[in-house]
């Protein structure tokens, strides 16, 4: 059974996402910290990018680097792990944007399942507002185009 | 319904890397997005209609259509307590029909809520992307759990034989 995912802007500079995953914290933590597992789930299915490489040195002060390819160009995301408590808590900085953004993930195990809380702290209210404004309306028409295209392939008479 | 999360799991179970199954998986993912969009739209419409069902709130919108106003101004005009007017404005705000901004001790209300609407839509897309991610994570974790169980059973059988 799948649990719902929630997302909320908790304050001017915070975004919080939660989801309960079906498995013990030990295994869920592994999926966040072992590149060969992490690579298998990190890219959302609907996002047309590929994760080319993933390096994770999971210890306080250790670095990570993700390289993505999209439309023939590559993008790098990188930062430093600032907290590593096995099976309980992970935190890292996101340094690619210039301004520092901190992501904290907590793993709460209950009855064999794990509640994940992903907390994103932006450098300032403006940083989060800009992020929202830049992605403001761009993604929706594209999704609708893809949807329309899909409908024409699924239902021959829809077009 | 096709857009149910169960359908994706079903398709994913059938997907063994063949192009046809991958297409089914993509199709299922789109149905889920469509489903979310429709649900989201319904939630927004419900909130809008609920907000518009009250005569005072319609009056407030009409007033704000002519000029911005503070909550105190609105309370005076509609002969209400400040608390009562705050509640009405909050319903309108949540429905995305009015934006308010506090400057000093005065909260000013304006018509329209593009910024709030955009933000809500953006957060919903952000949530959907995480939801897709977590669906995959769930699959990876389920596989690991099953592997461990298999190993443990093997080990137990071996111990018994000894």
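Residue numbers (the working numbering), protein chains in the order written: chain L, 78 to 236; chain Z, 28 to 189. Using N, Cα and C, we set each Cβ at its ideal position, and we do this for glycine too.
Rounding to the nearest angstrom, what Cα-Cα distance links residue i and residue j in this structure?
{"i": "residue 179 of chain L", "j": "residue 139 of chain L", "result": "15 Å"}
{"i": "residue 148 of chain Z", "j": "residue 163 of chain Z", "result": "23 Å"}
{"i": "residue 93 of chain L", "j": "residue 92 of chain Z", "result": "35 Å"}
{"i": "residue 154 of chain Z", "j": "residue 187 of chain L", "result": "23 Å"}
{"i": "residue 134 of chain Z", "j": "residue 127 of chain Z", "result": "6 Å"}
{"i": "residue 106 of chain L", "j": "residue 74 of chain Z", "result": "39 Å"}
{"i": "residue 160 of chain Z", "j": "residue 167 of chain Z", "result": "11 Å"}
{"i": "residue 251 of chain L", "j": "residue 180 of chain Z", "result": "This structure cannot settle anything about residue 251 of chain L, because the visible part of chain L is limited to 78 through 236."}
{"i": "residue 209 of chain L", "j": "residue 158 of chain Z", "result": "18 Å"}
{"i": "residue 202 of chain L", "j": "residue 175 of chain Z", "result": "45 Å"}
{"i": "residue 125 of chain Z", "j": "residue 107 of chain Z", "result": "19 Å"}
{"i": "residue 116 of chain L", "j": "residue 135 of chain L", "result": "15 Å"}
{"i": "residue 199 of chain L", "j": "residue 156 of chain Z", "result": "19 Å"}
{"i": "residue 166 of chain L", "j": "residue 100 of chain L", "result": "16 Å"}
{"i": "residue 78 of chain Z", "j": "residue 177 of chain L", "result": "40 Å"}
{"i": "residue 103 of chain Z", "j": "residue 121 of chain Z", "result": "22 Å"}
{"i": "residue 122 of chain L", "j": "residue 159 of chain L", "result": "29 Å"}
{"i": "residue 114 of chain L", "j": "residue 123 of chain Z", "result": "41 Å"}
{"i": "residue 170 of chain L", "j": "residue 91 of chain L", "result": "14 Å"}
{"i": "residue 110 of chain Z", "j": "residue 94 of chain Z", "result": "21 Å"}
{"i": "residue 197 of chain L", "j": "residue 184 of chain L", "result": "15 Å"}
{"i": "residue 102 of chain L", "j": "residue 182 of chain L", "result": "12 Å"}
Going by alpha carbons, who is nearest to residue i out of the options?
{"i": "residue 81 of chain Z", "options": "Z:98, Z:114, Z:103, Z:97", "result": "Z:114"}
{"i": "residue 174 of chain L", "options": "L:153, L:114, L:111, L:135", "result": "L:153"}
{"i": "residue 85 of chain Z", "options": "Z:138, Z:109, Z:103, Z:97", "result": "Z:138"}
{"i": "residue 143 of chain L", "options": "L:104, L:126, L:99, L:149", "result": "L:126"}
{"i": "residue 205 of chain L", "options": "Z:146, Z:173, Z:107, Z:101", "result": "Z:146"}
{"i": "residue 81 of chain L", "options": "L:197, L:200, L:202, L:192", "result": "L:192"}
{"i": "residue 83 of chain L", "options": "L:89, L:95, L:90", "result": "L:95"}
{"i": "residue 111 of chain L", "options": "L:90, L:97, L:164, L:150", "result": "L:164"}
{"i": "residue 97 of chain L", "options": "L:207, L:189, L:196", "result": "L:189"}
{"i": "residue 157 of chain L", "options": "L:172, L:150, L:148", "result": "L:172"}
{"i": "residue 76 of chain Z", "options": "Z:132, Z:119, Z:169", "result": "Z:119"}
If you run the structure through DSSP and keep just helix, strand and coil, what is residue i?
{"i": "residue 136 of chain L", "result": "coil"}
{"i": "residue 33 of chain Z", "result": "Note that residue 33 of chain Z scores 35 on pLDDT, short of 50, meaning its location in the model is unreliable; the coordinates nonetheless yield the value given after this. Note: residue 33 of chain Z maps to helix in three-state DSSP."}
{"i": "residue 122 of chain Z", "result": "coil"}
{"i": "residue 94 of chain Z", "result": "coil"}
{"i": "residue 182 of chain Z", "result": "helix"}
{"i": "residue 120 of chain L", "result": "coil"}
{"i": "residue 166 of chain Z", "result": "helix"}
{"i": "residue 177 of chain Z", "result": "helix"}
{"i": "residue 147 of chain Z", "result": "helix"}
{"i": "residue 107 of chain Z", "result": "coil"}
{"i": "residue 89 of chain L", "result": "coil"}
{"i": "residue 79 of chain L", "result": "coil"}
Under the DSSP definition of a beta bridge, which residues are partnered with residue i?
{"i": "residue 171 of chain Z", "result": "For residue 171 of chain Z, which the question treats as bridged, DSSP gives no partner whatsoever."}
{"i": "residue 130 of chain L", "result": "L:144"}
{"i": "residue 84 of chain L", "result": "L:94"}
{"i": "residue 111 of chain L", "result": "Residue 111 of chain L is not bridged to any residue."}
{"i": "residue 84 of chain Z", "result": "Beta-bridge pairing links residue 84 of chain Z to no other residue."}
{"i": "residue 134 of chain Z", "result": "Z:129"}
Report yes or no: is there a C-beta of chain B within less than 8 Å of the C-beta of residue i?
{"i": "residue 121 of chain Z", "result": "The structure shown contains no chain B; its protein chains are L and Z."}
Using a Cβ-based criterion (distance less than 7 Å to any ligand heavy atom), does residue i qualify as near the ligand GDP?
{"i": "residue 171 of chain Z", "result": "This structure lacks the ligand GDP, and indeed carries no ligand of any kind."}
Entirely enclosed alpha helix (DSSP H) segments - the stretch 132-211 of chain L, minimum 4 residues: Correct list: 202-211.
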